[in-house]
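Q: One structure, pasted below without further comment.
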Amino acid sequence: MPAREQKPEERKIGLRAVAAAARFARPGPRREIAQWPPPEPKPLAAMDMFPAAPGLKGRH
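Each residue of the sequence shown is one higher than the one before, counting from 7 in my numbering.
This is the structure:
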């Protein structure tokens, strides 16, 4: 069956439908799933308790 030529209005309607479907198919921003019970807080490392003096930062 040969495809008939579409009128410009029909083509516009078809494109709108495709655009709307694509808009709804797009996944939304991912939300982080909260853990329950909340994870245990990590103990502070020595670096966190005693930060290096400003002049020593970046040296190893």
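Using N, Cα and C, we set each Cβ at its ideal position, and we do this for glycine too.
Distance check for Arg29 and Glu16, CA to CA, integer angstroms please.
A: Counted from its first residue, the sequence shown places residue 16 at position 10. Counted from its first residue, the sequence shown places residue 29 at position 23. Each residue's alpha carbon lies about 20 Å from the other.
Q: List the endpoints of the continuous alpha helix (DSSP H) containing Phe30.
A: Your numbering for residue 30 matches position 24 in the sequence shown. Pro14 to Ala31 is the extent of the alpha helix (DSSP H) around Phe30.
Q: Using the three-state DSSP reduction, which class does Glu38 fall into: helix, strand or coil?
A: Start at 1 with the first residue of the sequence shown, and residue 38 comes out as number 32. Glu38: coil per DSSP, three-state reduction.
Q: Reducing DSSP to helix, strand and coil, say where Pro43 ends up.
A: Here residue 43 refers to the residue found at position 37 of the sequence shown. Correct three-state label for Pro43: coil.
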